[in-house]
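Q: Here it is: the structure, laid out below.
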Amino acid sequence: MSVLEHGLGSFDAAVAAYGVAALFVIIYLESFGAPLPGESALIGAAVLATRGDLAIGHVFLAAWSAAVLGDSTGYLIGRYGGRPLLHRYGSLVKLTPERLSHLEGVAREKGFVMVMTARFVVLLRQLNGLVAGTVGMPWLHFVSANAIGAVFWAGLWSFGPYFFADLFRRFV
């Protein structure tokens, strides 16, 4: 058994039992703040698709839709509950009113690109929607950037391992 197959053991069992639904739940929860291994699960699902256990199109669609819906849930949480929490507890994380104003300015100027690219950075991926909602990024800008970023992220981590798995197997 290769190192890659051994590492996928527990995920393989979950996917065998629940299919891409398990992948959807993991990525959805991770996308609005839960500390779960969404990207690792996606890579694992793509590798399982190379064995024929999953359809790669289903893996991609589950990852993309879960990422968009999860970030959108985070946005709504931030939009309707984030600001009161920041006013109350922001000082605990050194977020002063001045820093919050600066963050809002950055979101206005560079929010679209920020949301698109945050999906590729581990901690930012979990907090992306919450922050965008909290600073009041317009919904249409957020959801557009969110959907485009999720296409690139889900495409990279589903189709990349799927098409290049044979190359990596030679080295493992």
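Quick note on numbering: UniProt numbering labels position 3 of the sequence shown as 3, and the sequence is numbered without any gaps. Built from N, CA and C at the ideal position, the CB exists for glycine as well.
Could you name the residues of the same chain whose beta carbon sits closer than 7 Å to that of A165, not counting the 5 residues immediately before and after it, in chain order?
A: Position 165 of the sequence shown, counted from the first residue, corresponds to residue 165. Correct list, in chain order: V47 and T50.
Q: Quick check: the Cα distance between V121 and H102, rounded to an integer number of angstroms?
A: Residue mapping note: residue 121 aligns to position 121 of the sequence shown, counting from 1. Residue mapping note: residue 102 aligns to position 102 of the sequence shown, counting from 1. In a straight line, the C-alpha of V121 is about 21 Å away from that of H102.
Q: For P161, which of helix, strand or coil comes out of DSSP?
A: What you label residue 161 is simply residue 161 of the sequence shown in a count that begins at 1. Helix, per DSSP.
Q: Just how far apart, CA to CA, sit V113 and F142?
A: Within the sequence shown, the letter at position 113 stands for residue 113. Within the sequence shown, the letter at position 142 stands for residue 142. Cα-Cα distance, rounded: 10 Å.
Q: Just to check my reading of the structure: T134 and G70 have Cβ atoms closer than 8 Å, yes? What is that Cβ distance to the nearest angstrom?
A: Within the sequence shown, the letter at position 134 stands for residue 134. Within the sequence shown, the letter at position 70 stands for residue 70. That belief does not hold up - the Cβ atoms of T134 and G70 are roughly 16 Å apart, past 8 Å.
Q: Would DSSP call D53 helix, strand or coil?
A: Reading the sequence shown from its first residue, position 53 is the one you call residue 53. Three-state result, D53: coil.
Q: Just how far apart, CA to CA, sit G105 and V68?
A: Stepping through the sequence shown from its first residue, residue 105 is reached at position 105. Stepping through the sequence shown from its first residue, residue 68 is reached at position 68. Going by the C-alpha atoms only, they are around 24 Å apart.
Q: Among the residues of its own chain, which have a CB less than 7 Å from the CB of P161, if the five just before and after it don't count?
A: Within the sequence shown, the letter at position 161 stands for residue 161. Here the set comprises I43, A46 and V47.
Q: Please classify Y28 as buried or exposed, where buried requires at least 16 neighbouring CB atoms within 10 angstroms.
A: Against the sequence shown, residue 28 aligns to sequence position 28. Its Cβ being crowded by 16 or more others within 10 Å, Y28 is buried.
Q: With DSSP run on the structure shown, which of helix, strand or coil describes A118?
A: Here residue 118 is taken as the residue at index 118 of the sequence shown, counted from 1. Helix.
Q: Can you tell me whether P35 is helix, strand or coil according to DSSP?
A: As a position in the sequence shown, residue 35 is number 35, starting the count at 1. It is coil, neither helix nor strand.
Q: Evaluate L54 with the Cβ neighbour count: other Cβ atoms within 10 Å of its Cβ, from every protein chain shown; 16 or more gives buried, anything less gives exposed.
A: Working through the sequence shown from its first residue, we reach residue 54 at position 54. With 16 or more Cβ atoms within 10 Å of its Cβ, L54 is classed as buried.
Q: Expressed to the nearest angstrom, what Euclidean distance is found between the alpha-carbon atoms of I148 and S91?
A: Counting from one through the sequence shown, the residue named residue 148 turns up at place 148. Counting from one through the sequence shown, the residue named residue 91 turns up at place 91. Distance between the alpha carbons of I148 and S91 is about 34 Å.
Q: What first and last residue would you give for the alpha helix (DSSP H) that runs through L85?
A: For the purposes of this step, residue 85 is taken as the residue at position 85 of the sequence shown. Note, L85: alpha helix (DSSP H), R83 to Y89.
Q: Could you check what DSSP says for V68 in three-state terms: helix, strand or coil?
A: Residue mapping note: residue 68 aligns to position 68 of the sequence shown, counting from 1. V68 falls in the helix class under three-state DSSP.
Q: Taking F163 as the reference, which of L36, I56 and P35 has the closest Cα?
A: Numbered from 1 along the sequence shown, position 163 holds the residue referred to as residue 163. Selected option, being the one with the closest Cα: I56.
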